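Visitor:
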Amino acid sequence: MLGGLAFYFLDIRAPLLWGVVMGMLSLVPAIGTGLVWVPVAVYLLATGEVERGSALLLFGLFVISTIDNILRPILVGKDTQLPDYIVLIATLGGIALLGVNGIIIGPVIAAMFISAWEIFAKDQSASGA
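For the sequence shown, the positions run 5 to 133 when the numbering used here is used.
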């Protein structure tokens with residue numbers, strides 16, 4: 005969302021589209037939103053739009069990336085004990101199956117499945133099967 009707003013205020017074409025793309029890519033750990041705003045900032049700098057390119061680069065580095073790295077642990081939760089790739093797959097699968105609600109429900113179902121699998125495996129090893 006912040007990336008889309010930055011694109012809007014910097015008068016970059018299709019800010020809503022790029023904001024949605026950045027929102028989806030924010031699910032990719034570490035490099036997510038940077039896949040959109042970094043090439044745009046480099047393009048702006050390369051074409052002589054130094055002020056706009058620098059503004060996007062600074063905003064991306066210090067606001068978009070920082071917020072993404074702060075909010076991800078809060079929204080996904082450090083205590084889920086799920087690897088990032090499982091959260092990504094579960095979120096995308098949840099969105100595909102359930103729409104917007106799948107953003108939350110997908111990872112919850114994945115966590116419940118993994119917990120049930122661990123309980124089943126522990127019971128099987130305890131019973132000697």
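Glycine is no exception: its CB is placed at the ideal position from the N, C-alpha and C atoms. Predicted model, so just to flag it, every value in this text is computed and none were measured.
#1: In this structure, how does DSSP classify Thr51 when only helix, strand and coil are distinguished?
#2: I think Leu29 touches Thr37, with their Cβ atoms under 8 Å apart; what is that distance to the nearest whole Å?
#3: Beta-carbon of Ile93 versus every beta-carbon of chain C: anything under 8 Å?
#4: Tell me the residue span of the alpha helix (DSSP H) that contains Phe13.
#5: Would you report the Cα separation of Thr70 and Leu39, rounded to the nearest angstrom?
#6: Which of the three DSSP states is assigned to Ala18 in this structure?
#7: What separation, rounded to the nearest whole angstrom, lies between the Cα atoms of Gly106 and Leu65?
#8: Could you work out which residue in Pro111, Glu55, Val25, Ala18 is closest to Leu86 when comparing CA atoms only?
#9: How is Gln85 classed by DSSP in three states: helix, strand or coil?
#10: Would you check if the distance between the CB atom of Gly27 and the CB atom of Pro19 is smaller than 8 Å?
#11: If you drop the 5 nearest sequence neighbours on each side, which residues of the same chain put their C-beta closer than 8 Å to that of Leu102?
#12: Do you know offhand how far Val91's Cα is from Ala114's?
#13: Cα separation between Val46 and Leu60?
#14: So, is Thr95 buried or exposed, given that buried needs 16 or more other C-beta atoms within 10 angstroms?
Guide: Let's see:
#1: Numbered from 1 along the sequence shown, position 47 holds the residue referred to as residue 51. Coil.
#2: The residue given as residue 29 occupies position 25 in the sequence shown. The residue given as residue 37 occupies position 33 in the sequence shown. Confirmed, Cβ separation roughly 6 Å.
#3: Note that chain C does not occur in the displayed structure, where there is just one protein chain.
#4: Here residue 13 refers to the residue found at position 9 of the sequence shown. Segment 6 to 13, the alpha helix (DSSP H) holding Phe13.
#5: Locating residue 70 in the sequence shown gives position 66, counting from the first residue. Locating residue 39 in the sequence shown gives position 35, counting from the first residue. A straight line joining the alpha-carbon of Thr70 with that of Leu39 spans about 15 Å.
#6: In the sequence shown, the residue the question calls residue 18 occupies position 14. The answer is coil: DSSP assigns Ala18 none of H, G, I, E or B.
#7: Walking along the sequence shown from the start, residue 106 turns up at place 102. Walking along the sequence shown from the start, residue 65 turns up at place 61. C-alpha of Gly106 to C-alpha of Leu65: approximately 29 Å in a straight line.
#8: Position 82 of the sequence shown holds residue 86. The residue with the shortest Cα to Cα distance from Leu86 is Pro111.
#9: Counted from its first residue, the sequence shown places residue 85 at position 81. In the three-state DSSP reduction, Gln85 falls in the coil class, being neither helix nor strand.
#10: Here residue 27 is taken as the residue at index 23 of the sequence shown, counted from 1. Here residue 19 is taken as the residue at index 15 of the sequence shown, counted from 1. In this structure, Pro19 does not lie closer than 8 Å to Gly27 by Cβ.
#11: Translated into positions along the sequence shown, residue 102 becomes position 98. Contacts found: Ile109, Gly110.
#12: Counting from one through the sequence shown, the residue named residue 91 turns up at place 87. Counting from one through the sequence shown, the residue named residue 114 turns up at place 110. So the alpha carbons of these two residues sit roughly 8 Å apart.
#13: Along the sequence shown, read from residue 1 onward, the residue named residue 46 stands at position 42. Along the sequence shown, read from residue 1 onward, the residue named residue 60 stands at position 56. Here the alpha carbons of Leu60 and Val46 stand approximately 9 Å from one another.
#14: The residue given as residue 95 occupies position 91 in the sequence shown. Using a 10 angstroms sphere on the CB of Thr95, the tally of other CB atoms reaches 16 or more, which defines it as buried.
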